[in-house]
Amino acid sequence: MRQYLLLVYMIFASMQFNTAQESIRLNENWDFVRNDLGNIWEAIRPYSQGSSESVPVWHKVTLPHCYNATDAVAPFENYYQGPAWYRNTLAIRNPYPNGRTLLHFEGAGQKTKVYLYDQLVGEHVGGYDEWTVDITEAVKAFEANPAFQKQFKGRYPLVIRTDNSRDTEMIPSDLSDFNIYGGIYRYLNLLYLPAVSVGQVFATPTYDLVSKSAHIAVSLRLYAQTEATKGDITVELTAPDGKTVYKNTSSQSLSKEITLSGIRLQKPKLWSPDQPNRYTLHIQGNYNGQTFRHSTTIGIRHFEFADNGPFRLNGERLLLRGTHRHEDHAGVGAAMTEEMMLQEMKMMKDMGVNFIRLGHYQQSRIILNACDSLGILVWEEIPWCRGGLGGPVYQEQAKRMLRNMIEQHYNHPSIILWGMGNENDWPNDFPTFDKQQIRAFMKELHNLSHSLDNTRKTAIRRCDFCKDIVDVYSPSIWAGWYRGQYTDYKSVSEAEFKQVPHFIHAEWGGDSHARRHDENPDNGLTKLTSSTSADERAGDASLYGGATRASKDGNWSESYICNLIDWHLKEQEHMPWLTGSAYWPFKDFSTPVRPDNPVPYVNQKGVVERDFTKKESYYVFQSYWTKEPMAHIYGHSWPIRWGAADEQKMIKVYSNADEAELFLNGKSLGTKKRNSADFPAAGLRWNTVFREGENHIRVIAKKGKQTVTDEINQLYQTKKWSKPADIITKTSKLSDDEVLAEVQLTDAEGTACLDAKDYVLFELAGDGVLVQDQGTSSGSRYLQAFNGRAMIKIRKNKGSSVLAVKVKGLETAFVTIK
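If you use mature numbering (1 follows the signal peptide of the UniProt record, and there is no 0), the sequence shown corresponds to residues -20 to -1, 1 to 798, in order.
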């Protein structure tokens, strides 16, 4: 119940304080076609002629909508990059005399044109920032034609063209390690504004650690189509408990830019990850008998990246415990609903996250509002990602998107860093790669950022020849994945820390194929040698060629990644100079540059899958980063372990408890105390002998007076296997209309091949459909087996089907689904 109420609160918090006085989400009744049209008339013609005939055929969709929802991870094709069209008819009833009617796009990719009937009313380049189109005059022109009014029955035809075609003179680069999605993949709103309204409020709180007082500078940007005139503006500030702590009314010239009197507070409630206190700033004014109003939340905090030292928030050291987020989800691509976004952010907070880098572009206002309300500090950046540096159009887009990002998210207390770019030293889209030109443009962005907002710092990740330009720098450190061993992490980080005044470590970790486990995860990496650097280099994402590295020569098991993460977190607790780090990323995401991964076209470094299914590594983070008692036995997705009959096997428990007692088949294996310096699992590990067949494991963990438990069942297989020779299948009912089909590869004697990595292809004929192209371990029609296993869901559609399971070199297996 508590989690439900928190989710409801977060939804409310993310919806309120829109710049519009009236805002309507335009989610329903959209027609869509994924190809180009000859002209705008092809979109209008069916309406105009009153005919059902239309070429091409349009399909019904709802917004948000991404037209790469599934093809981004389809295993045998390139994802679609090109134009698509949307159309709808709107009921427009602006209640304000001489008011303005706007369309507010929260994000659409990547180039967008907007038409009312056949009139082009606006266009935008850039897939991630917000923008508006004023359609007031176009609505009046449409209303002036009685025939149009009759034809469309008082509604207004809206047509939108989006285009994510490849274009090297745009950011981000197509070399970026993520899909450049197309569609209206964030919410689209219809706004009604009075003749004069507030377009933007800029609130700049500063806090003095000595006097414990705050000053809040306030300025406005009005949205008005009138000449300047006088009017009264009231400013009211309410505290986190809702009480008014400041109110003032002043006469102002209603020009487009207004600076108001500052606000002073003694001993304010400060914003922090543990106590994300927020004040609400209310603005109200009057013009020509109409009242305009606007509200925004703000937070008061003081942060500092100490020179050659740690990060401090409100005067105290805070270790930034972070992750990353891409706007990407199974089955919808970039078109995540508000509920999905809030669930994701809540899962991060529950994992113990207090910091996030939003990679690699401006993200939804819903995400920033969630960070504010949950207490998650933010590094947000523009999509200048890889590809070198383009010409004037390219550079103008980057500057425009930086300006938009800063102005649109200016009031969020969670934001501490504005990112200027990512991996700008990467081999590129242009014949010339000029470091001095990149340095000059980086300096221009840095200066622009500080001119727009001098209260926050600038940052980049992985561009060593620009690290002296920005305020905070993150080098590339992938110890144990792209370079060296994970035990190199501390020494490599300390060496990098000494090279810049303000250091942070963004991006670390490694890929794990969900549900794949290993009895000896580190043994296959004996050829790896320690390294004085741990950077990712061009080609390291490839599974072929180059130096020995875990990313290529490891087994991509959850077992190995849990060890890697465990080691990093252990070390970070004993690095007093460390500002913090951000694991890459929180959730698996689609990428066009990794077609050969175990789940094709998916970057599998997340601690959860694309559908929010938690991997084992999620609980490793919880054991270090959370306060609420938790305990998790490693191996919930590992049904069969293996080894000799008398072989000692390790059982690991990830927990933040003070001590834990482990039971195997009802017998206590003893109690152990947690010690974060004792790797692995902070000392909560037991070596024991399993019995052949089924084993029951249970842990009782105590933290103070609180007790938590966890338990799993695992089979233990002592019989050795040879190469795969057969495909064994079984099905289980998930619901009245959904079935799970599971596969196990066995040798000629029927013994499960628990290290098999063969690719498995699922095909279906009949009434049902595969739940496929989700980019997950249980939602992909073609994927690498995990411990000789594979699975997929089938929707029966109230009929029967035949499932074919294909593995190269083996006889195809067929399963009838009824």
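All C-beta atoms in this analysis are idealised placements derived from N, C-alpha and C, irrespective of residue type, glycine included.
Assignment of residue 427 by DSSP, reduced to helix, strand and coil, places it in the helix class. Non-local beta-carbon contacts of residue 91 in its own chain, meaning distances under 6 Å to residues more than five positions away in sequence, involve 105 and 143 in chain order. CA-to-CA, the gap between residue 739 and residue 613 works out to about 29 Å.
In the structure shown, residue 5 falls within a strand segment according to DSSP collapsed to helix, strand and coil. Three or more Cβ pairs closer than 8 Å define a contact, and the region 343 to 359 falls short of that threshold against the region 230 to 249. As the crow flies, the alpha-carbon of residue 164 is around 11 Å from that of residue 6. The shortest CA-to-CA distance from residue 708 to any of 765, 675, 657 and 170 is the one to 765.
Going by DSSP, residue 400 is part of the beta strand (DSSP E) stretching over 395 to 402.
Residue pairing of residue 668 in beta bridges, as defined by DSSP: 629. Closest in C-alpha terms to residue 788, from the list 383, 782, 706 and 48, comes 706. By the CB criterion at 8 Å, residue 151 and residue 98 fall outside the cutoff. Checking the DSSP bridge columns, you'll see residue 50 has no partner listed. Beta-bridge analysis with DSSP links residue 104 to 92.
CA-CA distance, residue 640 to residue 686, rounds to 12 Å.
With fewer than 16 neighbouring CB atoms inside 10 Å of its own CB, residue 235 falls in the exposed class. Non-local C-beta neighbours of residue 220 in its own chain, meaning closer than 8 Å and more than five positions away in sequence, comprise 249, 257, 258 and 259, ordered along the chain. Assignment of beta-bridge partners to residue 674 by DSSP yields 695.
Nearest neighbour of residue 36 by Cα position, chosen from 387, 13, 544 and 95, turns out to be 13.
For residue 121, the uninterrupted alpha helix (DSSP H) segment begins and ends at 116 to 123.
Apart from sequence neighbours up to five positions away, the residues of its chain that approach residue 564 with a beta-carbon distance below 6 Å are 304, 487, 489 and 585, ordered along the chain. A buried status is given to residue 724, since no fewer than 16 other beta-carbon atoms sit within 10 Å of its beta-carbon. 242 is the residue among 424, 181, 688 and 242 whose C-alpha sits nearest the C-alpha of residue 230. With fewer than 16 other Cβ atoms inside 10 Å of its own Cβ, residue 794 counts as exposed. For residue 11, the enclosing beta strand (DSSP E) stretches over residues 10 to 13. DSSP places residue 76 in the coil class of the three-state scheme, outside both helix and strand.
In the DSSP assignment, residue 169 falls within the unbroken beta strand (DSSP E) covering 168 to 173. Within the region 537 to 566, the complete alpha helix (DSSP H) runs of at least 4 residues fall at 538 to 552.
Where residue 232 is concerned, the enclosing beta strand (DSSP E) starts and stops at 224 to 233.
Counted as a single uninterrupted DSSP element, the stretch harbouring residue 754 is not any beta strand (DSSP E), since DSSP gives it neither H nor E.
Beyond the five residues adjoining it in sequence on each side, residue 54 comes within less than 7 Å, by CB distance, of 753 in the same chain, given in chain order.
Where residue 350 is concerned, there is no enclosing beta strand (DSSP E), although the alpha helix (DSSP H) around it starts and stops at 345 to 354. Residue state for residue 649 is assigned as strand, using DSSP reduced to three classes. Residue burial annotation: residue 426 is buried, with at least 16 other C-beta atoms found within 10 angstroms of its C-beta.
Nearest to residue 81 by C-alpha distance, out of 135, 88 and 173, is 173. The beta strand (DSSP E) runs lying completely inside the region 227 to 282 and spanning 3 residues or more are 237 to 246, 259 to 267 and 270 to 278, given in chain order. Cβ contact annotation for residue 52 (same chain, cutoff 6 Å, sequence separation greater than five): 59, 159, 313 and 570, in chain order.
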